[in-house]
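First up is the structure itself, then whatever we jot down about it.
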Amino acid sequence: MIKLGKYSLGIGDRFGRQGSAQLKAIIEAGRHGIEITPVWNKSNREHITIGSQPEDVRREADEVTKKSGFKKPYFVDADHINFETVDWFIKSSDFFTIDVASCIGQRAGNDEIQIFLEGAEKYSGNLKIPGLKRPLKISVNQIKFIAGKYLFAAIKAWEIYRKIEKLRGKGNFITEVSMDEVSQPQTPAELFFILKMLGEESIPVQTIAPRFSGRFNKGVDYVGDPEDFADEFEADLMVIDFAVKEFGLPQNLKMSVHSGSDKFAIYPYIGSIIQKHNKGVHLKTAGTTWLEEVIGLAESGDTALAFVKSLYYEALKRVEELCAPYYDVININISLLPKKQDVARWDGRRFSAALRHIPESRYFNPNMRQLIHVAYKLAAKKKDEYLHLLETNEKRIGQCVYENIYKRHICRLFGIN
Ligand SMILES: [Zn+2]
Numbered sequence: 109m110i111k112l113g114k115y116s117l118g119i120g121d122r123f124g125r126q127g128s129a130q131l132k133a134i135i136e137a138g139r140h141g142i143e144i145t146p147v148w149n150k151s152n153r154e155h156i157t158i159g160s161q162p163e164d165v166r167r168e169a170d171e172v173t174k175k176s177g178f179k180k181p182y183f184v185d186a187d188h189i190n191f192e193t194v195d196w197f198i199k200s201s202d203f204f205t206i207d208v209a210s211c212i213g214q215r216a217g218n219d220e221i222q223i224f225l226e227g228a229e230k231y232s233g234n235l236k237i238p239g240l241k242r243p244l245k246i247s248v249n250q251i252k253f254i255a256g257k258y259l260f261a262a263i264k265a266w267e268i269y270r271k272i273e274k275l276r277g278k279g280n281f282i283t284e285v286s287m288d289e290v291s292q293p294q295t296p297a298e299l300f301f302i303l304k305m306l307g308e309e310s311i312p313v314q315t316i317a318p319r320f321s322g323r324f325n326k327g328v329d330y331v332g333d334p335e336d337f338a339d340e341f342e343a344d345l346m347v348i349d350f351a352v353k354e355f356g357l358p359q360n361l362k363m364s365v366h367s368g369s370d371k372f373a374i375y376p377y378i379g380s381i382i383q384k385h386n387k388g389v390h391l392k393t394a395g396t397t398w399l400e401e402v403i404g405l406a407e408s409g410d411t412a413l414a415f416v417k418s419l420y421y422e423a424l425k426r427v428e429e430l431c432a433p434y435y436d437v438i439n440i441n442i443s444l445l446p447k448k449q450d451v452a453r454w455d456g457r458r459f460s461a462a463l464r465h466i467p468e469s470r471y472f473n474p475n476m477r478q479l480i481h482v483a484y485k486l487a488a489k490k491k492d493e494y495l496h497l498l499e500t501n502e503k504r505i506g507q508c509v510y511e512n513i514y515k516r517h518i519c520r521l522f523g524i525n
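Count along the sequence shown from 1, add 108, and you get the number used in this note's numbering.
This is how it looks when you write it as structure tokens:
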């Protein structure tokens, strides 16, 4: 079975032009003793919006790794696929994020639930999990509730996995299961039984993406109490550890943090907890790179600045439409979005200062940043012009992308000074 390394980063970008700059950050981390496996990820939704193909991501990953002489493993992730959308990705991907979030809450058949309960009820009572401060208190009713809520989604995950396995061959790809794009977080007890469900069909899941407490808004910092997050994250890790042994899941099964870019408040916690327990992590960061393109273009001035300004004006007119698909993962206060007449007077530095994620900067505007985050489809509408601008200003943009991934993300997460 091909295996994902201990630390991995979901990179890749909307328009597929920043692979080199992102890889440079990973190579730099390697020089500081942190080996990170790059994973280029792109979802079906992004491909449709941009008008790209899964093969384009494969080509980009192959080209930039070859060009830079990167000899370590890397992967191409079919991000958030389901039974209907997976076919397109089979040839070019070797990592599949099976998304069953939309199936949560649908009820499996009574027979299926009955069979699951027969094997699961022995975990009721006080379940002692090594490393957890307190045992998990689990009632039989709670297990029934969890079965009703998640078993159908797990069965869907089995079906999708079998389909990929049939087409790609067993052991030839990495399997991730994601349930993050929902409004309710999963508790450690829920995660435990979800892993039991996956173990029952021997799904070789190497990364699992739960929905954590707090908010993981796109491109901005974590919203919630970082200490509470740390407790939950650590409990989840212990649950995974126990479940791996109990249900025969892959030894290297690790946590995947989606919408993981820019969560500066929790990186030190994630970093110290995984070090304490000698665990790995997968962090998905793709969206943050598109914002760096916009920042780099703004700083380039002239036509590049004019382009991103007009993109923002257009986004202002279409806030609701742009935000609708991202309801659970953005939170914009419309009244705090900079007005068109103000932005019109900004120079490139002022524009980029509003967008660049430096929370303590007085110019930083998280509302504007989130709006631009979801506005990439407006650039996709003027793709030729946009790509031309990216090419013309490649150096400056590449530097923004590199610094963002390396300094603001990798260094903070892994404690590199
Ligand atoms: Zn996700």
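In this text, a Cβ means the ideal position worked out from N, Cα and C, and glycines have one as well.
What do you reckon, are the CB atoms on Val313 and Val208 nearer than 8 Å?
no
Hey, would you say the C-beta of Ala317 is under 7 Å away from at least one heavy atom of ligand 1?
yes
Whole angstroms are fine: how far does the CA of Ile246 sit from the CA of His140?
44 Å
Between the Cα of Lys180 and those of Ala414, Gln292, Ala412 and Gly113, spot the shortest distance and give me the residue it belongs to.
Gly113
Got a sec? Which residues, its chain only, sit under 7 Å from Tyr375 by beta carbon, not counting five neighbours each side?
Arg520 and Leu521
Looking at Leu444 and Asn475, is the spacing between their C-beta atoms short of 8 Å?
yes
In its own chain, which residues sit with a C-beta less than 6 Å from the C-beta of Pro358, not counting the 5 before and 5 after it?
Pro312 and Gln314
Run the CB neighbour count on Gln294, radius 10 Å, all protein chains shown included, and call it buried at 16 or more, exposed below.
buried
Measuring only from the beta carbon, is His366 closer than 7 Å to any heavy atom that is part of ligand 1?
yes
Taking the DSSP output, what are the residues bridged to Asp207?
Ser286
Beta-carbon gap between Glu400 and Leu486 smaller than 8 Å:
no
Under the three-state DSSP convention, the category Asn152 falls into:
helix
Taking three-plus beta-carbon pairs below 8 Å as touching, is the region 212 to 231 in contact with the region 250 to 261?
yes
In this structure, does DSSP put Gln443 in helix, strand or coil?
Note that residue 443 is Ser in the sequence shown, not Gln. In this structure, Ser443 counts as helix in the three-state DSSP scheme.
Following the continuous alpha helix (DSSP H) through Thr500, name the residue where it begins and the one where it ends.
Lys491 to Thr500
Please list the segments of the alpha helix (DSSP H) lying wholly inside the region 357 to 409, counting only runs of 4 or more residues, in order along the chain.
375 to 385 and 394 to 408
Can you pull the DSSP bridge partners for Pro146?
Leu117
Starting from the C-beta of Gly395, find all residues in its chain whose C-beta is less than 7 Å away, skip the five residues before and the five after it, and write them out in chain order.
Lys326, Gly327, Ser369 and His481
For Lys132, which residues in the same chain have their Cβ closer than 6 Å to its Cβ, ignoring the five residues on either side in sequence?
Tyr510
Put Arg276 into one of helix, strand or coil per three-state DSSP.
helix
Local Cβ density within 10 Å of Val248, reported as buried at 16 or more and exposed below that:
exposed
Taking only runs of the beta strand (DSSP E) that begin and end inside the region 307 to 355, which ones reach a length of at least 3 residues, in chain order?
313 to 317
Restricting to Cα atoms, I'd like to know which of Thr145, His155, Tyr434 and Leu235 is closest to Trp196.
His155
Would Met109 be called buried (16 or more neighbouring beta carbons within 10 Å of its own) or exposed?
exposed
Report yes or no: do three or more beta-carbon pairs, one from the region 187 to 207 and one from the region 278 to 292, lie closer than 8 Å?
yes
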